[in-house]
Amino acid sequence: MDTLLLGAGAALWLGILTSISPCPLATNIAAVSYIGKHVGNARMMLLSGLFYTAGRTAAYLSLGVLLVTGILSIPEASNFLQKYMNRLLGPVLILAGMFLLELLRPNLPGLRLSEKVPLRLARSGYWGAGLLGVVFALSFCPVSAALFFGGLIPLSVKQGSSVFLPSLYGIGTALPVLFLAFLLGFGTQTAGKAFNRLNQIEWWARRITGILFIAMGIYCCFVYLIRLP
Amino acid sequence: MKAKRIAVIALLVFVVGSLAYSFGREFRGAGLSDPGTRKKENPPGAAGQRPDRVVVYYFRATARCPSCITIENYTREAVESGFSDALRDGRLQWQVVNVEEPGNGHFIRDYRLYAQSVVVVEIRDGRQTRWKNLDQVWNLLGDRAAFIGYVQKEVGAYLKGD
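Same order as they appear, the protein sequences are chains A and B. Each residue of the first sequence is one higher than the one before, counting from 1 in our numbering. Each residue of the second sequence is one higher than the one before, counting from 1001 in our numbering.
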């Protein structure tokens, strides 16, 4: 029992460490602004936060099951995700930012229903947050790969826990982002109410989030696709 | 309205161009897998190398992060400051390898690499006899002295044959 509790604490801490390390900074800023953009709607902000956490947890849990049970090889999964998921990150962020800014609309002519669905997800509130959670969780950088593949997975194998510990790790990776997003969102909400400017703040929050997404996307394209030093 | 359209087109062109550039480079890289042009690491028994030696590898990817550069710098410092004689006479080698370059992918399988790693390899009579991934380097990143001490202890043990 004590070993399991210690393992649970370690998994949660590894998740928090992953989130506060400098390497996933771009995705964390994007997540904070995405969740915090629902300034005038506390329920929406909480739901977005929960769905973001659920998305991250689901991604790590699925990966944890595949790795702990030996279906996937640790080195190959790690290198594949580090190499290819980060390449997708830039385009995904830019497209999501364009939808947030309403530069693109889901009803583009010529799009089939299957193509419209992900676009709607990007614009929607909590479902979009869940999807972002999955994409950001799977976009491993060297630090998060070291902590997940070198810290959490050996711990999960040792404890024989393919579900519980990876889930706690997922929750841990979302906690600092949620804390900052709620702080930002509720702080702005209080200020907005005090100065009777809530609608205006909401309008700006959406646009700032869209611009941030595009800026982070361009940064990720330069780093992972164009490979500028 | 015109500015909006220009922004949309510019961003979409940037996305498509970045993807095309990346895949184009990947494709050209795959073309280098021809054995004649592939970049090779020195094999264990290569001419001019001591048959008995220890190799300290730093395995990196093309995209760098601040922590990755710190690990490389600290490891280099640990090796150069602690084993300058061994480096000079060839008993110890220091190599930085980009695992994403053509021909280097086998290192990922050989040493089960899941992140940027420091690996110490012992070679006896030109053959690899043992290796160790110094996986504590990630935990000691915040403590330069402890990091250098850890790397020097592990490399020293391999040089002594312990």
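For every residue, glycine included, the Cβ atom is placed at its ideal position computed from N, Cα and C.
Limits of the unbroken alpha helix (DSSP H) element including residue i
{"i": "Phe99/A", "result": "Asn86 to Leu100"}
{"i": "Gln1152/B", "result": "Arg1144 to Lys1160"}
{"i": "Ser144/A", "result": "Pro142 to Leu147"}
{"i": "Leu33/A", "result": "Looking at the sequence provided, one finds Ser at residue 33/A rather than Leu. Looking at the DSSP string, the run of the alpha helix (DSSP H) that includes Ser33/A is Leu25 to Gly36."}
{"i": "Ser156/A", "result": "Ile153 to Gln159"}
Where residue i falls: helix, strand or coil (DSSP)
{"i": "Thr1129/B", "result": "strand"}
{"i": "Asn1042/B", "result": "Confidence in Asn1042/B is poor, its pLDDT being 49 and thus under 50, which makes the residue's placement unreliable; the coordinate value appears in the next sentence. Coil at Asn1042/B, not helix or strand."}
{"i": "Gln82/A", "result": "helix"}
{"i": "Trp1138/B", "result": "coil"}
{"i": "Phe1083/B", "result": "coil"}
{"i": "Gln189/A", "result": "helix"}
{"i": "Leu4/A", "result": "helix"}
{"i": "Tyr1057/B", "result": "strand"}
{"i": "Leu1011/B", "result": "helix"}
{"i": "Ile16/A", "result": "helix"}
{"i": "Glu1122/B", "result": "strand"}
{"i": "Asn1098/B", "result": "strand"}
{"i": "Gln1049/B", "result": "coil"}
{"i": "Met139/A", "result": "As written in the sequence, residue 139/A is Ser, which differs from the Met given in the question. Residue state, collapsed to three classes: coil."}
{"i": "Leu1113/B", "result": "coil"}
{"i": "Ala1020/B", "result": "helix"}
{"i": "Leu132/A", "result": "helix"}
For residue i, the nearest candidate out of the options (CA to CA)
{"i": "Tyr1111/B", "options": "Glu1101/B, Leu1092/B and Asp1135/B", "result": "Asp1135/B"}
{"i": "Leu175/A", "options": "Leu6/A, Leu4/A and Asn28/A", "result": "Asn28/A"}
{"i": "Gln1093/B", "options": "Val1155/B, Glu1100/B, Val1015/B and Lys1004/B", "result": "Val1155/B"}
{"i": "Thr209/A", "options": "Leu152/A, Glu102/A, Leu165/A and Arg197/A", "result": "Glu102/A"}
{"i": "Cys220/A", "options": "Glu76/A, Gly172/A, Ala42/A and Met85/A", "result": "Met85/A"}
{"i": "Val143/A", "options": "Val1151/B, Ala1063/B and His1106/B", "result": "Ala1063/B"}
{"i": "Leu180/A", "options": "Leu4/A, Gly15/A, Ser33/A and Pro22/A", "result": "Ser33/A"}
{"i": "Glu1101/B", "options": "Ala1007/B, Phe1059/B, Glu1080/B and Gly1090/B", "result": "Phe1059/B"}
{"i": "Phe213/A", "options": "Gly90/A, Pro24/A and Ile71/A", "result": "Gly90/A"}
{"i": "Asn196/A", "options": "Gly40/A, Ala30/A, Ala11/A and Phe222/A", "result": "Gly40/A"}
{"i": "Phe51/A", "options": "Ile201/A, Ser73/A, Gly170/A and Pro75/A", "result": "Gly170/A"}
{"i": "Val1054/B", "options": "Ala1086/B, Val1015/B, Arg1025/B and Met1001/B", "result": "Ala1086/B"}
{"i": "Leu225/A", "options": "Ser156/A, Lys83/A, Gly187/A and Ser161/A", "result": "Lys83/A"}
{"i": "Pro1066/B", "options": "Thr1129/B, His1106/B, Leu1141/B and Glu1122/B", "result": "Leu1141/B"}
{"i": "Pro154/A", "options": "Pro24/A, Leu93/A, Val65/A and Leu17/A", "result": "Val65/A"}
{"i": "Arg206/A", "options": "Gly185/A, Asp2/A and Val223/A", "result": "Gly185/A"}
{"i": "Thr18/A", "options": "Val68/A, Ile218/A, Ser139/A and Ala77/A", "result": "Ser139/A"}
{"i": "Val92/A", "options": "Val223/A, Gly217/A and Trp13/A", "result": "Gly217/A"}
{"i": "Ala1010/B", "options": "Leu104/A, Trp127/A and Val177/A", "result": "Leu104/A"}
Near the ligand SAM: residue i beta-carbon under 7 Å from a heavy atom
{"i": "Val157/A", "result": "The model on display carries no ligand, and the ligand SAM is accordingly not part of it."}
Start and end residues, beta strand (DSSP E) containing residue i
{"i": "Asn199/A", "result": "Counting along the chain, Asn199/A falls outside any beta strand (DSSP E), though it belongs to the alpha helix (DSSP H) covering Leu198 to Cys220."}
The region 1057-1071 of chain B: positions lying closer than 8 Å to chain A by Cβ: Ala1061, Thr1062, Ala1063, Arg1064, Cys1065, Pro1066, Ser1067 and Cys1068
Entirely enclosed alpha helix (DSSP H) segments - the region 38-75 of chain A, minimum 4 residues: 42-68
Residues within the region 133-151 of chain A neighbouring chain B, beta-carbon criterion of under 7 Å: Cys141, Pro142, Val143, Ala145, Ala146, Phe149 and Gly150
Contact list for the region 1081-1108 of chain B against chain A, Cβ threshold 8 Å: Val1099, Glu1100 and Ile1108
Members of the region 210-223 of chain A that neighbour chain B once the beta carbon cut-off is set at 9 Å: Ile214, Gly217, Ile218, Cys221, Phe222 and Val223
Contact residues within the region 80-97 of chain A, judged by C-beta distance below 8 Å to chain B: Gln82, Lys83, Asn86, Arg87, Gly90, Pro91, Ile94 and Leu95
Chain A contacts made by the region 1142-1154 of chain B, where a contact means CB separation under 9 Å: none
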